[in-house]
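Encoded as structure tokens, the structure appears first; notes follow it.
There are 2 protein chains.
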Amino acid sequence: MSSILTQDSSLMANAIRALAMDAVQQANSGHPGAPMGMADVAVALWGRHLKHNPANPQWPDRDRFVLSNGHGSMLIYALLHLTGYDLALSELRNFRQLHSKTPGHPEFGITPGVETTTGPLGQGLANAVGMALAEKLLAAEFNRPGHSIVDHHTFVFMGDGCLMEGISHEACAIAGAWKLNKLVAIYDDNGISIDGQVAPWYIDDAGKRFSAYGWDVIGPVDGHDVELMDRAIAKARQSAAKPTLIIAKTTIGKGSPNRAGSAKAHGEALGLEECKLTRDALCWTHEPFVIPEAAYELWDAKASGEEAESAWAARFATYKAAHPELAAEFARRVAGELPADFAQTVVDAAVAAHTQAQTVASRKASQLALEAFTKALPEMLGGSADLTGSNLTNTSSTPPLRFDADGQPTVDANGRLGRHINYGVREFGMAAIMNGVALHGGHIPYGGTFLTFSDYSRNAIRMAALMKSRVIHVFTHDSIGLGEDGPTHQSVEHAAALRLIPGLDVWRPADTAETVIAWGCALQSKHRPSALLLSRQNLPYAPKSGLEDIAKGAYVLAEPAEVGLKQKARAVIIATGSEVQLAMHAQAELAQVGIPVRVVSMPSTTVFDRQSVAYKRSVLPDGLPRIAVEAGVTDYWWKYGCAAVVGIDTYGESAPAPALFKHFNLTSDNVAATVRKVLSK
Amino acid sequence: MSSILTQDSSLMANAIRALAMDAVQQANSGHPGAPMGMADVAVALWGRHLKHNPANPQWPDRDRFVLSNGHGSMLIYALLHLTGYDLALSELRNFRQLHSKTPGHPEFGITPGVETTTGPLGQGLANAVGMALAEKLLAAEFNRPGHSIVDHHTFVFMGDGCLMEGISHEACAIAGAWKLNKLVAIYDDNGISIDGQVAPWYIDDAGKRFSAYGWDVIGPVDGHDVELMDRAIAKARQSAAKPTLIIAKTTIGKGSPNRAGSAKAHGEALGLEECKLTRDALCWTHEPFVIPEAAYELWDAKASGEEAESAWAARFATYKAAHPELAAEFARRVAGELPADFAQTVVDAAVAAHTQAQTVASRKASQLALEAFTKALPEMLGGSADLTGSNLTNTSSTPPLRFDADGQPTVDANGRLGRHINYGVREFGMAAIMNGVALHGGHIPYGGTFLTFSDYSRNAIRMAALMKSRVIHVFTHDSIGLGEDGPTHQSVEHAAALRLIPGLDVWRPADTAETVIAWGCALQSKHRPSALLLSRQNLPYAPKSGLEDIAKGAYVLAEPAEVGLKQKARAVIIATGSEVQLAMHAQAELAQVGIPVRVVSMPSTTVFDRQSVAYKRSVLPDGLPRIAVEAGVTDYWWKYGCAAVVGIDTYGESAPAPALFKHFNLTSDNVAATVRKVLSK
């Protein structure tokens, strides 16, 4: 290697170090250690390999880059700024301040070029697995001989923390099984975590571990030798049928004379004096936030990015000429737009469900809805965390996803690519991988497990909500109604707990029509994740006069007149899911004794809460006492001003479901008695 | 091996198979595959190695056995029944029925001999790591030359599902770092999970993986060859400084002619016809639930168990004679009793905090409380998921836990054993390991992370609550008050979400005194886990007239008279944690304009909810409008009949904390304005 090259690399890396150190110092908050330690690796990747166009962060065939150790956010901010993204120096000066484009951890949607929100460790890595999967599937679906319009890599930086987290196991093990050869994970192996030198609590042989997952492993490589890293990345990009782990040995806080290699470099500003000493050590003569023009020139990726995207655009034009329908479909898919007639598909499916009025479990109702929707939407990519036959997430349109020995997705006997994923027993991994699939674009991911295990994946659900990603969770076996599996599997608090996550739509439909509408709303919510809570046990169809208000989250299901009473309702029973039938029976029982009540079905509190005040009042009139019924904790329901709540505030029990409903006094008799008690006050 | 031995083993194994198959058939619910597949391994372990006394499931020095693949519950029920525990055949006939001792998944506290509740996969394995850690630490603390009163193994059975779960990575990696040589994990490697043959989604080389963690690996061994399994276990028991993984190759549903080796064997009854065919194939001529006397005799562990415990009791008597104080302390510790003077220690610490009235972050207040309590309670075993300096879980009494090359816990310069664990970045693993430590007995585990990452460990927190285990979670950085780290780290919904978990006490103290009391209550709650939600930022001491009501979860902190108003309060402001100061300021502001309000500090809603109606009314009088203030989602607070709630129903932002409180309108001005608005209605 020439000494000029070395000088150039050094200048590039030190520009990152200076920006990271100075921005953290300016904010007096942040993490200088990782950016300073990974600066040379970043030179190798971003300076020599990454395919991207700073002018268009949405270019579909760009390489994806994920900073899984998101606390090192100044690394990516520096890179985006230096390579030419719309991220001005003033934003870097404003690091971690209100409304800046440089929040404490990288946030999708805030900063151009940030592909996913990271910070909760391990999840960025799992997102990257999802992105690499999406790339492979889209390539298989859309590329044609002579036309390679989907062909990019996914690179991820990650630290010890990411690799200690359990989700790294789930995501990387399945990445190996999926043979994601275009996934390159670079491990910042600096031997330091917040509590100090990791040896007493982290002794994994990471190479051996990833080899056990079926990955190629390169290194350890000196992470401060740009040439070696360059070669390692070049080799990784050539992998035929395996993802690659590159172990980069680095020094955290590299450049700081007194903090490099220590936990002190990790999560706090170096201090003005140490910043000065670091400048001296790096021979960096520039003031804070002053980057020499030579560094900008070396980093500038605008021209090369423009050229790369133009070349792709030309290829895409040729493709479009040869395959106009495929090209249009590709454009629709990556834009995340549903087919124009999809709204009608939802209406048709809902009407059909209403007409057939079947008594089935809502998990089965979900599968029936999915039959229609997976047929209409080739972008739907289903899956289950090893509970396919229980979650009923598969349909006749979704063959299981499989890969051949060369790592290519296989087609079934009918020539169809797989669209239903066996995620294995990896709930958190599944959720975070789905986030990555959604972020990549081209698919709408959905995946199933038991509702109780939403606990395992909870933070990834939250991340989807924070990122406004269209990811759909199918949570079956939604209460004590699952019966014999007992309290570990009975989700008494989970419906309420999920509803607390800002930006997540939670649906607990009562019958087939509500389930169809719930799916329809979830699929049509381009910027919002949804969770569907579904029963294991059969639920009767709830007769209704219309379907249009279901999508508003709650609606008047039955007025007193419908059970033969002419008076106006004296109370409202609010119910969800499997308890709507209890409300209906209670209404009939109360009618027998001349008490008129209204039944409101509320499949989605989160959606209902967004309706107009007028609509909300029309469903829940002022002055009418409200009684809520749900087979779960009662705390949540008081927000609707209820006079009483019938629910379960303890854990469930192991027994057949009918015995449990009786045991927990979740009966129509008790609902009716509760209404009478409220009215007698 | 002699053929008689083989015949005996076969009879023993088939007794398990018959009971499992017949109980599942009787319930028409359950999982026959794992018990039938693991029956021979169980013969080797329970028939030849396990040290236990069926007459006394509480014998402190028994081996611990964990069925991490808890769906195979009939395996452990059969073993407990056959070896002589208080588990009658009638209970097995009553499998999965209401109030039986044989719930769908094994539940601690229901069935004698069940050491932990399992079912949520991977957690049993992590519990076992905690148990093995507890054994090692107690042995180091209490054994003396010539006196080995703590010396037992922890055995765990686990399936593919457990090993796919991320928590298996966290728990097993740290078990390797801890050199838990008395931990023996036996992997039921049957190649089948619910979705079928695992190969498309699970290709891990488990041996290589565990070897990368620093484990010894034995096998693959034929899991149906009792002699080979016997030898493998014998070898594993001799491991000097490493935990051991034994890979047992088995056939799921072994014995069933048409279902063995297939996913159909996993989770449903075989059906009467297949039960009959299985009987024929096994040459098992007995009716359902009829076990031949010969099988009972072979399995009976009552005499050997009695003998083993007696021998230990004799050793313990000798130990007691030589070390009477240690013996008494050991007895106290394993009984989980606090020292008699501990209640006074809490009072003293609370009074000291009250007197000093320091302005500190509540995480710092927690560390101050811990200084007193870790000194008083040698059983406290602290830790942090790589955030020790942030969570402030360590004290001058808790040296870091370290192990030497031989796997022995080391002592520090003052001869003290480690009592603070660096768990690494493994929140879920930490929580489940703490559950295991608590279940083992002898320690009170506590561990810290950021509140937002309670999501990662949520299901283990739930499991502690379900098992009524004394495990204490220290969750710092408890709202937007952490500032610049931004929305990924700001736990707007977590306080509310944790309060929904039945049986968990959640504390969000406002100052040093409340923090001391919260810790005191948590430590004194022998049958309940607790979570302490603590601030990153400083909180002023809230002047108060007394301390005794804090332990009731909520109390009147300030009446109008205390801000110079003689009228009775016209409203109540309820606040928690960092928002109590806002309530106090608002009270003063309102006093300026002649509006008298009461301030209630409610550090624990869950504790307050258990108080008498009279006490609750005394704090929150009927007819007085209530306004709640908390820097989190508002939904939860309506349960207290609030007229208004001041909170945050969106995600946070990245900025310095003062800017955020202003941005989100969490100000005393807004609280005061809200009160005025409520009163003007």
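Going down the list, the sequences are from chains A and B. Start counting the first sequence at 1; every next residue gets the next number (the UniProt record's numbering). Start counting the second sequence at 1; every next residue gets the next number (the UniProt record's numbering). Even glycine gets a Cβ: it sits at the ideal position worked out from N, Cα and C. All figures in this text were calculated on a predicted structure; none of them were measured in a lab.
Opening and closing residue of the alpha helix (DSSP H) in which residue i lies
i      : result
A/L67  : Here A/L67 belongs to no alpha helix (DSSP H); instead the beta strand (DSSP E) covers 64-67.
A/S535 : Note, A/S535: premise wrong, no alpha helix (DSSP H); not H, not E.
B/L370 : 362-376
A/V150 : Run containing A/V150: none; DSSP gives neither H nor E here.
B/R462 : 454-467
A/V226 : 226-237
DSSP-derived helix/strand/coil call for residue i
i      : result
B/P35  : helix
A/R626 : strand
A/V645 : strand
A/Q587 : helix
A/I433 : helix
Cross-chain neighbours of residue i in chain A, by beta carbon under 7 Å
i                      : result
residue 693 of chain B : Nothing about residue 693 of chain B can be reported from this structure: the residues present for chain B run from 1 to 681 only.
B/Q97                  : A655
Option nearest residue i by Cα separation, candidates the options
i      : options                        : result
A/V619 : A/T606, A/T634, A/G632, A/S601 : A/S601
B/A311 : B/A431, B/A614, B/R62          : B/R62
B/G30  : B/L500, B/N665, B/L163, B/L75  : B/L75
B/Q587 : B/T606, B/A558, B/T6, B/V492   : B/A558
A/E579 : A/S525, A/S362, A/L466         : A/S362
B/L180 : B/V129, B/V411, B/P509         : B/V129
B/L539 : B/G546, B/G577, B/L277         : B/G577
A/G486 : B/G104, B/L228, B/P257         : B/G104
A/K254 : A/I472, A/H224, A/P502         : A/H224
A/F157 : A/K526, A/V607, A/K249, A/E427 : A/K249
A/T83  : A/A405, A/I16, A/F108, A/A206  : A/I16
B/K468 : B/G481, B/H489, B/P502         : B/P502
Run of the beta strand (DSSP E) containing residue i, from where it starts to where it stops
i      : result
A/I444 : 444-450
B/F155 : 154-158
B/F342 : Taken as a continuous stretch (DSSP letters only), B/F342 belongs to no beta strand (DSSP E), being part of the alpha helix (DSSP H) at 342-356.
A/V678 : Looking at the DSSP string, A/V678 is not in any beta strand (DSSP E); the run it does join, the alpha helix (DSSP H), is 668-679.
7 Å Cβ cut-off: residues of chain B touching residue i
i                      : result
A/K639                 : D635, W638
A/G429                 : G166
A/K208                 : K208, S211, A212
A/G176                 : I203
residue 684 of chain A : Because residue 684 of chain A is not part of the residues shown, which for chain A are 1 to 681, the question remains open.
Contacts of residue i in chain B (Cβ-Cβ under 9 Å)
i      : result
A/F142 : Simply none; closest approach about 23 Å.
Proximal chain B residues relative to residue i, where beta-carbon distance stays under 8 Å
i      : result
A/G564 : Within chain B, no residue comes near A/G564; the closest Cβ sits about 35 Å away, beyond 8 Å.
A/Y423 : W201
Chain A contact residues for residue i, given Cβ-Cβ distances below 9 Å
i      : result
B/P502 : V492, E493, V633, I648, D649, T650, Y651
B/E115 : Chain A residues near B/E115: none, gap ~15 Å exceeds 9 Å.
B/S29  : G483, E484, D485, P656
Under 8 Å from the C-beta of residue i: neighbouring residues of chain A
i      : result
B/G119 : D485, G486, T488, H489
How do the region 315-322 of chain B and the region 140-160 of chain B stand: do at least 3 beta-carbon pairs fall below 8 Å, yes or no?
yes
Should the region 474-481 of chain B be called in touch with the region 376-392 of chain B, which here means at least 3 C-beta pairs below 8 Å?
yes
Count the CB pairs spanning the region 395-407 of chain A and the region 455-473 of chain A that are closer than 8 Å, and state whether there are at least three.
no
Count Cβ pairs between the region 134-148 of chain B and the region 3-21 of chain B that sit closer than 8 Å; are there 3 or more?
no
Do the region 117-134 of chain B and the region 64-71 of chain B meet, that is, are 3 or more Cβ pairs less than 8 Å apart?
yes
May I ask you to verify whether the region 554-572 of chain B touches the region 517-532 of chain B, counting CB pairs closer than 8 Å and requiring at least 3?
no
If contact is defined by three or more beta carbon pairs under 8 Å, each pair taking one atom from either stretch, is the region 296-305 of chain B in contact with the region 43-59 of chain B?
yes
The region 332-348 of chain A in contact with the region 369-384 of chain A per 3-pair CB rule at 8 Å:
yes
Would the region 28-42 of chain A count as touching the region 75-85 of chain A if we require 3 or more Cβ pairs under 8 Å?
yes
Measuring CB atoms only, is the region 619-629 of chain A touching the region 609-626 of chain B, in the sense that at least three cross pairs come out at less than 8 Å?
no
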